[in-house]
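Numbering (the working numbering), first residue to last: 16 to 669.
A short write-up of the structure that comes next.
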């Protein structure tokens with residue numbers, strides 16, 4: 016058997032074992048989950064180092080055009096994604112050892128987690144589009160199961176919502192796959208190379224958009240995003256760190272990149288559609304994140320917003336933009352998982368993620384604070400962290416697209432607007448994370464009730480994964496050429512030969528030099544600060560209304576930072592509509608289906624009821640007439656017979 020086969024089915028086997036182990040033997044379940052995820056990580060490393068591998072097995076239960084082989088193939092695009100799926104699976108398993116004990120349905124949690132690792136690996140490695148869709152939907156089923164392990168009614172509702180939204184998009188994706196087969200005669204990805212556009216341009220564009228719907232829904236882009244904020248506050252935080260933050264982004268953006276790099280020849284107007292979706296997702300989601308008061312809900316909107324950068328980069332269709340989109344996908348999985356893990360650590364020690372009830376945690380949870388600060392700066396695109404490099408490349412890709420001879424006029428103008436939207440989104444992201452970091456870690460602490468347990472740092476199984484991801488944020492920013500040449504460049508080279516040389520950032524941006532300059536500036540600033548400490552200004556007691564301010568009453572939480580944004584003219588109505596879910600396409604769809612149901616109920620079901628009742632009443636009416644004329648008198652019956660005989664005779668002789 017090949018390492019590709021084991022990388023898919025070994026985690027699934029581990030999940031089955033975890034599912035069969037009785038819930039009371041938790042330690043055995045945890046050990047098996049940890050060993051299975053570690054084995055998946057080792058296999059992921061071997062696949063990545065091999066560069067390419069093939070495993071084909073005839074399943075034998077379907078023939079003809081529906082014949083599906085277990086065709087697994089590793090190349091430069093999917094091998095590094097398999098590596099990071101396995102890495103996040105291992106880190107989340109380690110993180111969950113402290114998080115999940117005592118939670119409802121925790122006995123199912125590790126099974127779903129391992130199923131997810133195996134199915135996600137299978138979806139990425141599949142060389143057959145139908146087999147990929149099978150693994151794709153197994154991931155969806157596992158998502159439903161993991162969200163429902165939250166144990167609350169709201170968690171069950173968000174699980175149903177996610178299932179309906181993504182399943183609808185998967186149906187569209189199935190139609191796209193069938194269109195690809197219709198145009199190419201095969202489901203094999205290695206055989207399909209730019210052929211859909213070779214026949215019917217319009218049909219190829221429809222297939223492209225249908226497949227893109229499946230990719231965008233899995234990645235959590237607008238308008239398929241609404242289940243993510245709903246799930247954030249109810250599902251276990253490790254689920255959010257693993258699926259919407261990491262694996263779903265890897266799968267969705269992988270498919271979008273595969274579509275652009277292998278299956279279709281991009282044309283500018285399709286790129287504009289993707290770039291518009293990306294830019295709109297960036298701005299709309301970050302504006303919602305800006306006014307959130309719950310840490311996990313704020314992070315969930317940023318999980319949506321950052322997808323926009325990936326779509327924007329890939330939509331450019333040029334090597335720098337696509338490489339930037341893939342690099343941002345990788346960076347996002349790193350820092351967003353770190354942020355969700357940090358929020359879970361805060362919740363475990365304080366019992367809440369409400370920013371109004373948090374403050375001063377930097378002293379009691381220093382490791383969590385450091386990890387979340389690094390991740391927050393990374394997602395905000397602050398140099399020298401990894402988020403800046405990938406965003407910078409996306410900006411360069413958009414500029415190249417705008418200046419391309421194939422685009423001009425309106426397309427070029429729209430491209431510049433998308434660039435402005437992306438830059439504005441990055442600034443707003445930094446603003447919202449200033450609120451989060453200040454509220455939770457730097458603001459005035461909340462007065463704890465007497466007898467409460469003092470807050471302290473979480474256990475090592477929780478802070479080690481956060482610290483690993485924070486270090487990756489720094490390394491992938493300062494030494495960006497390592498992932499660009501070793502991971503991203505070979506993937507983009509599938510379509511653009513020689514692209515690793517094009518991705519050299521020297522001359523445009525040197526992360527290492529920038530890091531040195533930033534640290535030099537910090538040192539100079541500290542020297543100036545230290546020199547000024549010798550001059551102490553006079554201090555005096557401050558008063559509010561004649562009384563000394565009290566910390567428990569006169570706190571200024573960071574949640575007040577951007578309340579004016581919510582009340583701005585033109586935005587207040589949009590915010591209210593969004594909070595009441597008037598802008599939720601899922602709610603629109605449910606409302607439409609309910610309206611159709613009411614129409615069918617009154618036009619069909621009730622009509623049949625009325626018809627049955629009417630026939631019954633009509634039968635009773637005629638029976639009453641017959642009963643009234645049958646009075647028991649023989650002459651009357653004889654008269655009826657004569658009248659009937661006369662009518663028959665008239666009809667016959669007429």
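Note that CB positions come from ideal geometry on N, CA and C, so glycine has one too.
Residue i to residue j span [Cα, whole Å]
i	j	result
residue 651	residue 664	20 Å
residue 298	residue 39	47 Å
residue 22	residue 129	11 Å
residue 211	residue 276	Any reading at residue 211 needs caution, since the residue's pLDDT is 45, under 50, leaving its predicted position unreliable; the model's value is listed next. Answer to the nearest angstrom: the Cα atoms are 13 Å apart.
residue 618	residue 609	14 Å
residue 321	residue 622	51 Å
residue 35	residue 340	41 Å
residue 653	residue 638	20 Å
residue 249	residue 313	14 Å
residue 309	residue 266	27 Å
residue 287	residue 88	31 Å
residue 333	residue 343	15 Å
residue 649	residue 613	55 Å
residue 605	residue 225	21 Å
residue 246	residue 368	14 Å
residue 590	residue 482	36 Å
residue 449	residue 378	18 Å
residue 292	residue 326	7 Å
residue 362	residue 221	45 Å
residue 428	residue 284	13 Å
residue 574	residue 398	26 Å
residue 69	residue 270	19 Å
residue 252	residue 360	9 Å
residue 387	residue 351	9 Å
residue 254	residue 628	54 Å
residue 380	residue 494	28 Å
residue 522	residue 431	Below a pLDDT of 50, predicted positions are generally treated as unreliable, and residue 522, at 42, falls in that range; no measurement from the model is reported.
residue 411	residue 477	37 Å
residue 479	residue 191	42 Å
Beta strand (DSSP E) segment containing residue i, residue limits
i	result
residue 84	84-89
residue 73	68-73
Beta-carbon separation (whole angstroms), residue i vs residue j, contact threshold 8 Å
i	j	result
residue 141	residue 158	So it is not a contact: roughly 18 Å between Cβ atoms.
residue 373	residue 454	6 Å
residue 101	residue 139	At roughly 11 Å, the Cβ-Cβ gap does not stay under 8 Å, so residue 101 and residue 139 are not in contact.
residue 674	residue 338	Outside the shown range of the chain, which is 16 to 669, sits residue 674, and nothing can be said about it.
Simplified DSSP assignment, three categories, for residue i
i	result
residue 333	coil
residue 503	helix
residue 1	In the structure as shown, the chain starts at 16 and stops at 669, and residue 1 therefore has no counterpart that could be examined.
residue 635	helix
residue 346	helix
residue 142	coil
residue 273	helix
residue 369	strand
residue 665	helix
Proximity of residue i and residue j at Cβ, strictly below 9 Å
i	j	result
residue 670	residue 98	Look at the range of the chain in this structure, 16 to 669, and you will see that residue 670 is not part of it.
residue 458	residue 366	no
residue 54	residue 108	no
residue 85	residue 146	yes
residue 472	residue 311	no
residue 404	residue 336	no
residue 184	residue 153	no
residue 259	residue 318	yes
residue 188	residue 218	no
Limits of the unbroken alpha helix (DSSP H) element including residue i
i	result
residue 216	216-234
residue 620	Where residue 620 is concerned, there is no enclosing alpha helix (DSSP H), given that its DSSP letter is neither H nor E.
residue 6	Residue 6 lies beyond the range of the chain shown here (16 to 669); nothing can be said about it.
residue 59	41-65
residue 410	401-417
residue 21	18-35
residue 247	242-247
residue 239	Careful: residue 239 lies outside any alpha helix (DSSP H) and carries neither H nor E.
residue 444	425-452
residue 395	From DSSP, residue 395 is part of no alpha helix (DSSP H); its letter is neither H nor E.
residue 297	283-305
residue 458	Careful: residue 458 lies outside any alpha helix (DSSP H) and carries neither H nor E.
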